[in-house]
Amino acid sequence: MTDAAVMGRPTTQIYKEHDPELPDELRTLLIRVMSKHLENATNPHYDKLLIKLWDRCLTLAPDPESKRLLAKLMMQEVEHGVITANILKGLGVDKVEIPIEQYLFNIPIDTWCDLCYFHALGDRVGMYVGENWGDVPYEPLRSVAPRLHRDETFHATLGYQNLTALCQTPEGLAEAQVLIKKWWPAALDMFGTSASRFSEKYVRWGIRQAGNEELRNQYITDTRPMLEQLGLVVPDDKANRQFL
Ligand SMILES: [Fe+2]
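Okay, structure coming up:
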């Protein structure tokens, strides 16, 4: 968050749960962003996703240690859903039933390589958007933000380590080279369209660190070299994209 963005705020106060002084604009944005946040223990669509992912993790993990680490990752995803549900409850929202928007979550995870990409690229988006709430002046969210960010960093790092190991064999690298065409555009599309009318307010309240396009570009700058280092040829950033 830039100093200019923080200074653009009406106040530097930090609000507690049920704080009568919570500004309407912040309250509206919090309800909107947390309701749309896919990790939510009250949302049956999230439960369905978790069930699919538990199955994929336990089925595709190639060895016991990978299985253990993925089970730890999955437990954290369940806990994230409970955290979101509690924050929404404090804002007066008891139940959410919103389908998951990003199509990345609907891509079939058929092979271990798919699962490596799901975590290495998909969870990595969470480090930039949706799990980066350390500056939000709402105490219930602010207090869990470092933990959420740490967990998502673990998920993305685990995915990248798994992908790295896979790419050590010619067959693994060849498979990863085919599948990157599917996962790279889907990860970039998770940031949403470049022209979102809510970006500016989100940034002002620390809910977002920057607009969609800026965060996507940062993600590309950071992630592309990591993939190239494994010997992968990363597709053009505009190829096969749905949200430009
Ligand atoms: Fe995650």
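Offset between the sequence shown (1-based) and this note's numbering: plus 1047.
The beta-carbon is built from N, C-alpha and C at its ideal position, and this holds for glycine as well.
Any heavy atom of ligand 1 closer than 7 Å to the Cβ of residue i?
i       : result
Gly1173 : yes
Asp1094 : no
His1202 : yes
Glu1124 : yes
Glu1218 : no
Asp1071 : no
Glu1199 : yes
Asp1170 : yes
Output yes or no for whether 8 Å exceeds the beta carbon distance between residue i and residue j.
i       : j       : result
Tyr1185 : Leu1116 : no
Ala1038 : Arg1171 : Since the first residue of the chain shown is 1048 and the last is 1291, residue 1038 is not available in this structure.
Tyr1175 : Trp1230 : no
Glu1199 : Gly1219 : no
His1065 : Gly1137 : yes
Thr1240 : Asn1264 : no
Ala1221 : Leu1213 : no
Ile1147 : Leu1085 : yes
Asp1283 : Ile1267 : no
Trp1252 : Leu1069 : no
Met1121 : Trp1101 : yes
Ala1088 : Cys1104 : no
Lys1228 : Asn1287 : yes
Leu1097 : Val1125 : yes
Gly1177 : Ala1192 : no
Asp1269 : Leu1226 : no
Does the beta carbon of residue i fall short of 7 Å from some heavy atom of ligand 3?
i       : result
Asp1161 : Of the ligands this structure carries, namely ligand 1, none is ligand 3.
Our contact map puts residue i next to residue j with C-beta atoms below 8 Å; I'd like the distance itself, whole angstroms only.
i       : j       : result
Leu1210 : Ala1167 : 5 Å
Asp1236 : Gln1289 : 5 Å
Trp1159 : Leu1107 : 5 Å
Ala1234 : Leu1151 : 6 Å
Ile1145 : Asn1090 : 6 Å
Ile1061 : Arg1194 : Wrong, their Cβ atoms sit about 17 Å apart, outside the cutoff.
Phe1347 : Leu1274 : Lying outside 1048 to 1291, the shown extent of the chain, residue 1347 is not represented and no answer is given.
Based on DSSP bridge pairs, tell me the residues matched to residue i.
i       : result
Tyr1062 : Tyr1185
Notebook entry, point to check: Of all the beta strand (DSSP E) runs that stay within the bounds of the segment 1187-1262, which reach a length of 3 or more residues?
Noted result: none
Checklist line | Uninterrupted alpha helix (DSSP H) stretches inside the segment 1133-1174 (no shorter than 4 residues) | finding: 1159-1164
Checklist line | Runs of alpha helix (DSSP H) wholly within the segment 1062-1089 (minimum 4 residues, chain order) | finding: 1071-1083
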